[in-house]
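The structure appears right after this line, and notes come after that.
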Amino acid sequence: MSPVSRPIASDSAAILQQEIQTLAGRTEVRTALDWFRKREPEFTRWQLEGAQIGAPPFGENARADWLAGKLAELGLRDVRKDGIGNVVAIKPGSNIPPVSISAHIDTVFPAGTALNIRQQGRKLFGAGISDNAAGVTALLALAAALVELRIPHRAPLLFLGNVGEEGEGDLRGMRHVFYDSEWKDAISASVVIDGAGTDTIICEALGSRRFEVVVRGPGGHSWSDFGVPNPIVALARAIYLFSQTRIATSPKTTFNIGVIGGGTSVNSIPEAASMRVDVRSSSGEEIERLEFELRRAVDQAVTEEIRSGERLNPARQPAEMDSEIRIIGSRPAGELEPNARILQIARAVDALLGNSAQAQRASTDANIPISMGREAIALGAGGRGGGAHTLQEWFDPIGRELGLQRILLIVLALAGGISSGAQK
Ligand SMILES: [Zn+2]
């Protein structure tokens, strides 16, 4: 940051802090904290109910129907499912661009998994109970508070229960909203609610790209066809070459060869071999560079393996070998400007609530808007949770009201504060 911009930034931060203090001082908003605390038994019920409905990747329909029913019951208008299966509801406001509040409804657990959702004492247990039944519950709690406490807001609020955040879903729900929906250009800011807690503000989108590499050759007998290029050896050469690639430490960038396969028997030259490669960075350029290096390593490895076969058995007919690199997942990277308004608002709200939170980098639904240069953050739904993506997942609603109040204040501030007059 330059010395010139610093006082400007702190001035605007002071003004923002003042605005948020005024907002938080409004009677409807002040009573919300207490209201959230009192309604906890109902939130717990919603969370258990929603989590019990299986929502594997590409199988979110039943949970989406349940959520749509709940949002309509709470009094939201225009509740519907969009073309890809996201639940969408609008809470109207003034004629200005909307703010979106979303929670992904899918889980990592395949269809048929025994989710084993249950309550023991205060704590909730079961697969997906925190990631993201907690987020979905926060979405409902927020809608309920706005309606019941008649909290006015200037910008319209777009409530989204989106599909396809986890794994091979590859953020398809959020992609649809920002690439194809009627709101794609209008949304002014996005708050993504994912998992439990109040201790982070996710403002950097960790990007990833995943590849399947397949190398194919003629195959043959280990003795009589010796010298035919071997796809497993070619892949091993490619892994060696790729692993020599220079890797940036800042921004942190990583790669992994996670799965390798191929071949049929010990005395056969394989016809094919494959591997899966994962590359991650918050820099889109680094991801591009690593993809380029991976492609180069595979090309070079195939050439070397063909040459090596010719050297080992010069009497043989030259053999062909080819390779294919397919992208099997892609999450775009990006980061907010350090002075982004949404970040300033989140920090000011945390200061007001006495909540300490770290700015963090992660891979969430917020990747899509952040990578497009739009304002977005991901927040926890309050309470505490653990064991995400395991059957031992748990959620403790203690202190959930702080998380909900935090989200409410951030959303209201993003929505341009509270509308004056008798706005409904
Ligand atoms: Zn999640």
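Position 31 (the sequence shown) corresponds to 33 in the working numbering; numbering is contiguous. By construction, the Cβ of each residue, glycine as well, lies at the ideal position given by its N, Cα and C atoms.
### Message
Which residue marks the beginning of the beta strand (DSSP E) containing Met374, and which one marks its end?
### Response
No beta strand (DSSP E) holds Met374; DSSP gives it neither H nor E.
### Task
Within 10 angstroms of the Cβ of Asp196, are there 16 or more other Cβ atoms? Answer buried if so, exposed if not.
buried
### Task
With a threshold of 7 Å, establish whether the CB of Asp324 neighbours any heavy atom of ligand 1.
no
### Message
Quick check: does the Cβ of His223 come within less than 7 Å of any heavy atom belonging to ligand 1?
### Response
no
### Task
Can you grab the Cα-Cα spacing for the pair Ile241 / Asp324, in whole Å?
16 Å
### Message
I need the DSSP call for Met176, collapsed to helix, strand or coil.
### Response
helix
### Message
Please tell me whether, using a cut-off of 7 Å, the distance from the CB of Glu167 to the nearest non-hydrogen atom of ligand 1 is below it.
### Response
yes
### Query
Thinking just about the alpha-carbon of each residue, which of Val304, Leu126, Gly199 and Arg278 is nearest to the one in Leu243?
Val304
### Message
Using a strict less-than 5 Å threshold between each residue's beta carbon and the heavy atoms of ligand 1, what residues do you get?
### Response
Asp133, Asn134 and Asp196
### Query
Are the beta-carbon atoms of Ile153 and Val31 separated by less than 8 Å?
yes
### Query
Can you tell me whether Pro9 is buried or exposed, with buried defined as 16 or more other CB within 10 angstroms of its CB?
In this predicted model, Pro9 has a pLDDT of only 42, less than 50, meaning its place in the structure is not dependable enough to derive any value.
### Message
Measuring only the C-alpha atoms, how far is Pro371 from Val193?
### Response
10 Å
### Query
Rounded C-beta distance between Ile107 and Glu62? I'm assuming under 8 Å.
5 Å
### Query
Cα-Cα, which of Val268, Ser226, Ala368 and Arg309 is closest to Ala335?
Ala368
### Query
For Asn258, which beta-bridge partners are listed by DSSP?
Asp280
### Query
Asp352: which of Thr202, Val81, Ser284 and Val179 sits nearest, CA to CA?
Thr202
#### Entry: Collapsed DSSP secondary structure at Phe244 in the structure displayed
helix
#### Entry: C-alpha gap between Ser96 and Arg298, whole angstroms
54 Å
#### Entry: Ile22 burial status per 10 Å Cβ neighbour count (16 or more: buried)
buried
### Task
Please classify Ser7: is it buried, with 16 or more other beta-carbons within 10 angstroms of its beta-carbon, or exposed?
Low confidence applies to Ser7: its pLDDT is 36, below 50, so where it sits in the model is not reliable, and the reading given next is rough at best. Ser7 comes out exposed.
### Separation of Gly384 from Ile400, as counted between CA atoms
8 Å
### Query
Helix or strand or just coil, what does DSSP make of Arg82?
strand
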